[in-house]
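To start, the structure itself, in structure tokens.
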Amino acid sequence: MSPRPRESAEANTRNATATAMRAAARARPVNLKARLSTVLMLLTLAGTGLVVRAVDLQVVRKDFYQEQGDARHLREVPIAVSRGAVLDRNGEPLAVSTPVESIWVNPQELLQHTGRIPELASALAIDEAVLRQKLDQRADKEFLYLKRHLNPDDAKLILDRKIPGVSAQREFRRYYPSGEVMAHVLGFTNIDDRGQEGLELAFDEWLAGKPGAKRVIRDRLGHVVEDVELLREPQPGRDLTLSIDRRIQYLAYRQLKRTLLEHGASSGSIVVLDARNGEILATVNQPSYNPNAVNNGDTASRRNRALTDVVEPGSTVKAFTIAAALEAGKWKPNTPIDTSPGTMPLAGHIIRDTSNKGLLDVTGVLTRSSNIGAAKIALTLSNEHLYDVFKRFGFGESTGSGFPGEAPGVLPIARSWGVVEKATISYGYGLSVTPMQLAQAYAVLADGGRLRAPTFVKGAQNPDTAVLDPNIVRTIVGMLETVITPAGTGLRAAVRNYRVAGKTGTSRRAVAGGYESRYISTFAGLAPASNPRLVTVVVIHDPQGAYTGGMVAAPAFSRVMDGALRLLDVPPDNVEKWYADGTGNWAPIEAGDAAPEYAPGATSFEEGVPE
Numbered sequence: 005m006s007p008r009p010r011e012s013a014e015a016n017t018r019n020a021t022a023t024a025m026r027a028a029a030r031a032r033p034v035n036l037k038a039r040l041s042t043v044l045m046l047l048t049l050a051g052t053g054l055v056v057r058a059v060d061l062q063v064v065r066k067d068f069y070q071e072q073g074d075a076r077h078l079r080e081v082p083i084a085v086s087r088g089a090v091l092d093r094n095g096e097p098l099a100v101s102t103p104v105e106s107i108w109v110n111p112q113e114l115l116q117h118t119g120r121i122p123e124l125a126s127a128l129a130i131d132e133a134v135l136r137q138k139l140d141q142r143a144d145k146e147f148l149y150l151k152r153h154l155n156p157d158d159a160k161l162i163l164d165r166k167i168p169g170v171s172a173q174r175e176f177r178r179y180y181p182s183g184e185v186m187a188h189v190l191g192f193t194n195i196d197d198r199g200q201e202g203l204e205l206a207f208d209e210w211l212a213g214k215p216g217a218k219r220v221i222r223d224r225l226g227h228v229v230e231d232v233e234l235l236r237e238p239q240p241g242r243d244l245t246l247s248i249d250r251r252i253q254y255l256a257y258r259q260l261k262r263t264l265l266e267h268g269a270s271s272g273s274i275v276v277l278d279a280r281n282g283e284i285l286a287t288v289n290q291p292s293y294n295p296n297a298v299n300n301g302d303t304a305s306r307r308n309r310a311l312t313d314v315v316e317p318g319s320t321v322k323a324f325t326i327a328a329a330l331e332a333g334k335w336k337p338n339t340p341i342d343t344s345p346g347t348m349p350l351a352g353h354i355i356r357d358t359s360n361k362g363l364l365d366v367t368g369v370l371t372r373s374s375n376i377g378a379a380k381i382a383l384t385l386s387n388e389h390l391y392d393v394f395k396r397f398g399f400g401e402s403t404g405s406g407f408p409g410e411a412p413g414v415l416p417i418a419r420s421w422g423v424v425e426k427a428t429i430s431y432g433y434g435l436s437v438t439p440m441q442l443a444q445a446y447a448v449l450a451d452g453g454r455l456r457a458p459t460f461v462k463g464a465q466n467p468d469t470a471v472l473d474p475n476i477v478r479t480i481v482g483m484l485e486t487v488i489t490p491a492g493t494g495l496r497a498a499v500r501n502y503r504v505a506g507k508t509g510t511s512r513r514a515v516a517g518g519y520e521s522r523y524i525s526t527f528a529g530l531a532p533a534s535n536p537r538l539v540t541v542v543v544i545h546d547p548q549g550a551y552t553g554g555m556v557a558a559p560a561f562s563r564v565m566d567g568a569l570r571l572l573d574v575p576p577d578n579v580e581k582w583y584a585d586g587t588g589n590w591a592p593i594e595a596g597d598a599a600p601e602y603a604p605g606a607t608s609f610e611e612g613v614p615e
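For the sequence shown, the working numbering assigns the number 5 to the initial residue and increments by one for each residue that follows.
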């Protein structure tokens, strides 16, 4: 029997049922209110979510998102300031800052345009491989200096190429018009314009100023779109006026270089002080360096030897030994002292003069520079008194000039002196001083017994301390004038038309275990002796041939002092006579042609060295 009629009936039944249900559904009314409520509820929930999100963004976490936005578009940019100028006492510029541009790049941005790297390397005149290596090493950074301190015109040529990520920043570069002449006084700055040596370091805070800062908006290319606000007002560096006289500095430098060439010396220093106030008018050294190209120089040549290197001053300290003797009241300028036969045994050592100077007086000990005379005088004084006088003149401690790295010298304490040590200290062995210390000590004699700290700043308050009776000082100065005579060791230090007082000094260079046959020639003096204005110290290392202070250092002293006195318009000592005779010809006080007494050197410090 076939199942088809039955299956057909069941299908018809199902179709009829479905049709009936659809008809019933169409007949049921639509609930629009419920639908509207549902839609409104959904919209309300969505709106509430948006409001909550807006409150979260604008109120709750505003600072966070503001910081995130600022981090992408706002930048704090430094405002470079010019370093203060350094001027000499007459307002001449010694150090100035000039504006330059430094090229930098955002490595992240440039590495997205690697095809421009060869062009940038060519523009910067650097190797492409080196540039790529730098960029790869800083690939996660946003700042990398490419070239510092470019001429603004050269920097503009690079920026005009529009290389992605490349920008420029304004900076300042230090320039020293006087070059190596002022190098040891001024020192130099580093690439960030901060003082590294010399007065640039000592007065860095004064000169540097304080950079400003501003907040700007930058676009995605790093270009400044808008200045938002000034965060910190820039404070330019302040100018510094030094006591240095550029003219005298050049004069001293030229004469120092001449002296080294004439005598084949290895190095030297000259210091010129104003005796009235302690102001330093010149400080020069050889060898020197160019502070405008400091990376090319020998580091040893950067030392300001006049303040950092110590020497045994030789016979220049005899003036202070005599000062102690006069102050003690045991000796007078005309007290006789026998130096025969030119040698003196002392505790197993022999102290020698260069010749038998015979019977001298105390003044003659200075005039003829007798080691035996100085030693005999010192041995009559107590250790404590001689030490105290030397200490009062500034030996054994820094001068207080404020120069970085200044050496204090060495003055052994009195209780460590034996008779030999006391004797040798009396004529300049066994203690060490810097040329600046020696100049400070002679400035005490030039200023009536008052000690002042040497200063590099014009017009600085510089109080003095009385260290010696003015009457004794005048006596010492008069005795030192006899050194600059045909009978003395310092004839070549004479200055035409001016009275000069000073002392020669010659010492052997100390080495481990003793002294070597290399010499230090020294002259320290003041002028005019009638009313001292200038003090000058000359120290020459390793002169060849003639090596005594009277032969090597004294002529340099004469030439420097002659020029400096005239530059400062200091009246000659014989100016009244010049006006009185009406001839217009000064009666010159000048060095003669005869050389001072000269003898071969000794072989140990006890024997001394000829002046």
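By construction, the Cβ of each residue, glycine as well, lies at the ideal position given by its N, Cα and C atoms.
task = Give the straight-line distance between the Cα atoms of Leu330 and Thr343, rounded to the nearest whole angstrom.
result = Their Cα atoms are separated by approximately 19 Å.
message = Between Pro412, Ile341 and Thr52, which has its C-alpha nearest Gly377's C-alpha?
response = Ile341
inquiry  = Taking 6 Å as the limit between beta carbons, can you name the residues of its chain near Pro536, skipping five residues before and five after?
reply    = Taken in chain order, the residues that qualify are Ala279, Ala450 and Leu530.
request  = Assign His117 to buried or exposed, taking buried as 16 or more other Cβ atoms, counted over all protein chains shown, within 10 Å of its Cβ.
outcome  = Its Cβ having fewer than 16 others within 10 Å, His117 is exposed.
Ala217 to Asp144 span [Cα, whole Å] = Between the C-alpha atoms of Ala217 and Asp144 there is a straight-line separation of about 25 Å.
key: Thr287 and Val189 closer than 8 Å at C-beta   = yes
inquiry  = Here's the rule: buried if 16 or more other CB atoms are within 10 angstroms of the residue's CB, otherwise exposed. What is Ala20?
reply    = exposed
inquiry  = Considering just the uninterrupted stretch of the alpha helix (DSSP H) at Ala1, what are its terminal residues?
reply    = There is simply no residue 1 to check, as the chain begins at 5 and stops at 615 in what is shown.
message = For the segment 345-361 against the segment 419-427, do three or more pairs of beta-carbon atoms, one drawn from each stretch, fall closer than 8 Å, so that the two count as touching?
response = Look at the beta carbons and you see the segment 345-361 touching the segment 419-427: at least three pairs across the two are nearer than 8 Å.
query = For Leu390, which three-state DSSP category applies?
reply = helix
request  = Quick one: using the 10 Å Cβ neighbour count with 16 as the cut-off for buried, is Glu594 buried or exposed?
outcome  = Bear in mind that the predicted position of Glu594 carries a pLDDT of just 42, short of 50, making it unreliable; the figure below should be weighed with that in mind. Under this definition Glu594 is an exposed residue.
message = Using only CA atoms, which one of Gly282, Tyr257, Ala89 and Leu150 lies nearest to Tyr180?
response = Ala89
message = When you compare the CB positions of Asp577 and Ser521, do they come within less than 8 Å of one another, or not?
response = no
message = Classify Val414: buried if its beta carbon has 16 or more other beta carbons within 10 angstroms, exposed otherwise.
response = exposed
task = Indicate, with yes or no, if the ligand SAM has a heavy atom lying under 7 Å from the CB of Ala84.
result = For the structure depicted, the ligand SAM is absent and the ligand set is empty, with no information on it obtainable.
ask   = What are the boundary residues of the alpha helix (DSSP H) that includes Ser41?
value = Leu36 to Val59
key: Per DSSP, cross-strand counterpart(s) of Ser511   = Paired residues: Ile524.
query = When burial is assigned at 16 or more other CB atoms within 10 Å of the CB, is Ser126 buried or exposed?
reply = exposed
query = Which residues in the same chain as Val448 place their Cβ atom closer than 7 Å to its Cβ, once the five residues preceding and following it in sequence are excluded?
reply = The answer, listed in chain order, is Phe397, Arg454, Leu455, Val471 and Leu472.
ask   = Does the segment 431-442 touch the segment 310-324, meaning 3 or more C-beta pairs lie closer than 8 Å?
value = yes
message = Cutting at 7 Å between CB atoms, please list the residues of its own chain near Thr23, excluding the five before and the five after it.
response = none
query = Taking C-beta to C-beta, are Thr403 and Gln441 nearer than 8 Å?
reply = yes
Terminal residues of the alpha helix (DSSP H) in which Val109 lies = Element bounds for Val109: not the alpha helix (DSSP H) but the beta strand (DSSP E), Pro97 to Val109.
query = What's the gap between the Cα of Arg306 and the Cα of Leu115?
reply = Roughly 42 Å separates the two Cα atoms.
query = Helix or strand or just coil, what does DSSP make of Ile162?
reply = Correct three-state label for Ile162: helix.
ask   = Do three or more CB pairs link the segment 503-512 to the segment 379-399 at distances below 8 Å?
value = no
message = Let me make sure I understand the geometry here. Which of Ser562, Ile167, Ser511 and Leu203 has the alpha-carbon closest to that of Ser373?
response = Taking only the C-alpha atoms, the option nearest Ser373 is Ser511.
message = Short of 6 Å in beta carbon distance, which residues of its chain neighbour Val477, apart from the five on each side in sequence? Order them along the chain.
response = Leu449, Gly452 and Gly453
inquiry  = Using CA atoms only, rank isn't needed, just tell me which of Ala514, Gly567, Leu538 and Gly509 is closest to Ile544.
reply    = Gly509
request  = Taking only the alpha-carbon atoms, compute the straight-line gap between Thr52 and Lys37 and give it to the nearest angstrom.
outcome  = 22 Å
message = Just verifying my parser: in three-state terms, what is the DSSP assignment at Ser126?
response = Three-state DSSP puts Ser126 in a helix.
inquiry  = Can you give me the C-alpha to C-alpha distance between Pro592 and Val487, rounded to a whole angstrom?
reply    = Reliability of the predicted coordinates at Pro592 is poor, the pLDDT of 42 falling under 50, and no value is obtained from them.
task = Verify whether the separation of the beta carbon atoms of Ser86 and Pro337 is less than 8 Å.
result = Taking 8 Å as the Cβ cut-off, Ser86 and Pro337 do not qualify as a contacting pair.
ask   = Expressed to the nearest angstrom, what Euclidean distance is found between the alpha-carbon atoms of Asp158 and Ser106?
value = Taking the straight line joining both Cα atoms gives about 10 Å.
ask   = From Ala284 to Pro345, what does the alpha carbon distance come to, in whole angstroms?
value = It is Ile, not Ala, that sits at residue 284 in the sequence shown. Rounded to whole angstroms, Ile284 to Pro345 spans 43 Å at the Cα level.
Whole-angstrom C-beta distance between Met565 and Arg496, which should lie under 8 Å = Actually they do not touch by this definition, with Cβ atoms about 12 Å apart.
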